[in-house]
Amino acid sequence: MYTRKGIRILLLAVLLFLLFILDLLTGAVELSIGSLFDYLLGEPIDQRDFLIIHYSRFPKAFTALICGAALSVAGLQMQTLFRNPLAGPYILGISSGAGLGVAILLMGAGFFGISALYSWSLAAAAFGGAFVILLILLLLSFRIKDVMTLLIIGIMIGAVATAMIGILQYFSNDFQLKSFVIWSLGSLDSLSYDKLFLMMGVVLLACLMAFLNSKSLNSLLMGERYAKSIGVDINRIRFYSILSTGLLAGTVTAYCGPIGFIGVVVPHLSRMIFQTTDHSWLIPICMISGGIILLVADILSHWLVEQTALPINSITALLGIPIIIWILLSKKRISNSF
Amino acid sequence: MLVIKHISIRYKEEEVVQAQQLTLQPGQLVALVGRNGSGKSSVIKGMMGQNPFLKGEIRIEQKLIQDYKAAELSGLLAAVFTEAPYPAIMKIEEFVAFGRYPFNNWFGRLRAKDLALIDHLLEECQLRHLKGKSMDQLSDGERQRVMIARALAQESKVLLLDEPSTHLDGKNTISILKLLRKQAKENGKAVLFSTHRIVESLELADQLWIIHRGNLAAYTKEEFLGDAELQKEMLGEHIIYQKKDGKHGFEINLS
């Protein structure tokens, strides 16, 4: 059993590596595989190639990897916690909160007299927005015993944030509106290495947090009463899952904009391919599969049009929604398949 | 041994159930009966330490249940609830393995003795031939047996079941009740289940705990059969207990 799963994980990891290389080679300017491997091995290469790989391709591919992993593990935890197959960072309103933070910054920047052009302020605004929503949910989760109620409140809070974004949009000028729309389309580009490492650190920490809670997450699959009856501290696992999800979704949304559907699709695909519901397997599997899907999305975004790239959020939606529909149609048992 | 003493369950000032003193002994099979809405589930929840509306004493082995740590309690008390979410693609032996969770390591890895116990329980619950099947491939009766096997995997002294026979046909109900009786008689567990099947329970259970007009009290079969008033309350006017040719039996009064 373990070895068969192990072999499949190894195959996935190989696929991830190949896609990573392919993604490095994909872009407006053509690169030779030779100079790419020289770069990876630390050999001296052509100055132009070095600049492209080091400052554009590598950060982008690495961002895709981290974002994919983060959103998938966030989605997995939300689906388990809320026992809902369509739960994800989106449904909890975390992404909308980040969006509101950014909207306030971009469209209200004039009022505050700060420039929205600094990217750190953009990230901080998104992060702040996501965490405000998260904090509200976290406080509510201690008082509200029913997860469905909590889920619906999450959706409502998200809707309030969206409504406020709408009002801000109505009162903003063309330039502000365009900046916001571009952020909301999502982007894996232009992350500096210090931000990249910060994001990687937070994501790895939050994934580790989820991994260490695998056993409690597994027990939630039986419902909270059973989980309690075998000694699981429900408030504790709720706290850690929501914190981990918030860190994952908040960080990624802050730096890359809202990237949809990865969080919903990848956990389902992982369960289906590996036929397991054990989180100590699913978390690493989701991390790898999430990276794979987002790398594929990024490669497609470059392949579909010449010279430029399509918005990543549109690609993940176009890629993700058919997969969701396919899963729904082919597996009737999706509603409680986890 | 589980002892209930002077308990009272109140919702919004209104008392639903109260009881003086009841004892659930090792090796005893007890049926908890009462009309719909009489508070059977509330009592079971209370015995699990999961009912904040319950006041009074519930002790296991002399210690109050609220004084046990959750993990400690899970080794003494196992439960099968009415609502039973289950992951569809999970294999039945994986589901039964949940019962070992309080006792195995951080990641829930199963040791050889855990696996041996799970195999033994699958055999005991007549599930061996279904090993490797996933939860959604089972019939209702088979799934209920998996739920019971999971609870048994906790190797607890007390087993509580909330309406284990709902959704089950007559044949499956009897087979579940016989399984519970075996757990009490052969493995010395203290088993309590709530049910609407009074007739079957009279035959198979050692005692009936009856919630009648907000009062929970224990009756033996003889005591129940000797109380015509209570019988009429619990069974309705259409089922009449009769003794024919020295045998007990129930008859439906069609008139």
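Sequence lines, in order, name chains A and B.
Going by our numbering, the letters in the first sequence line up with residues 1 to 338, in that order.
Going by our numbering, the letters in the second sequence line up with residues 1001 to 1255, in that order.
Note that beta-carbon positions come from the ideal geometry of N, C-alpha and C, so glycine has one too.
Note that this is a predicted model, so its numbers are computed, not measured.
In the DSSP assignment, E1251/B falls within the beta strand (DSSP E) that extends over K1247 to I1252. With fewer than 16 other Cβ atoms from the protein chains shown falling within 10 Å of its own Cβ, R4/A counts as exposed. Taking a C-beta cut-off of 7 Å against chain B, none of the residues of the region 143-156 of chain A qualify. For L310/A, no beta strand (DSSP E) run applies, since DSSP gives it neither H nor E. Counting the other CB atoms within 10 Å of its CB gives N1036/B a total below 16, which places it among the exposed residues. Listed along chain B, the residues sitting closer than 9 Å to M222/A by beta-carbon distance are A1084, P1085, Y1086, P1087, F1095, F1098 and R1150. For T253/A, the three-state secondary structure derived from DSSP is helix. Here the C-alpha atom of E224/A lies approximately 46 Å from the C-alpha atom of L304/A. Taking a C-beta cut-off of 7 Å against chain A, the contacting residues of the region 1109-1136 of chain B are D1136, listed in chain order. Residue contact check for N235/A against chain B: no CB pair falls below 8 Å. Classified as buried, M1090/B has 16 or more neighbouring CB atoms from the shown chains inside 10 Å of its CB. In this chain, the beta strand (DSSP E) harbouring R1010/B covers L1002 to Y1011. M1090/B reaches chain A at L221 and T277, counting residues in chain order whose Cβ is nearer than 8 Å.
By the Cβ test, the region 256-264 of chain A is in contact with the region 302-316 of chain A, since at least three Cβ pairs between them sit closer than 8 Å. By the rule that beta-carbons nearer than 8 Å mark a contact, M1048/B touches chain A. Taken in chain order, the whole beta strand (DSSP E) runs of length 3 or more contained in the region 1100-1187 of chain B are 1158-1161. Scanning chain A for C-beta atoms nearer than 9 Å to the C-beta of S1042/B yields nothing, as the closest lies near 13 Å away.
The continuous alpha helix (DSSP H) containing F211/A extends over residues Y193 to L212.
Taking CB atoms only, L1073/B has a neighbour in chain A less than 8 Å away.
Q47/A carries a helical assignment under DSSP once its states are collapsed to helix, strand and coil.
When only Cα atoms are considered, I167/A and F131/A end up about 21 Å apart. The C-beta distance from K1221/B to L1202/B rounds to 5 Å, short enough to meet the 8 Å contact threshold. Partner residues in the beta bridge of T1195/B, as assigned by DSSP, are V1033/B. By the neighbour-count criterion, in which a residue is buried when 16 or more other Cβ atoms sit within 10 angstroms of its Cβ, K1012/B is exposed. A64/A has its alpha-carbon roughly 11 Å from the corresponding atom of L191/A.
Non-local C-beta neighbours of D1206/B in its own chain, meaning closer than 6 Å and more than five positions away in sequence, comprise Q1028 and L1029, ordered along the chain.
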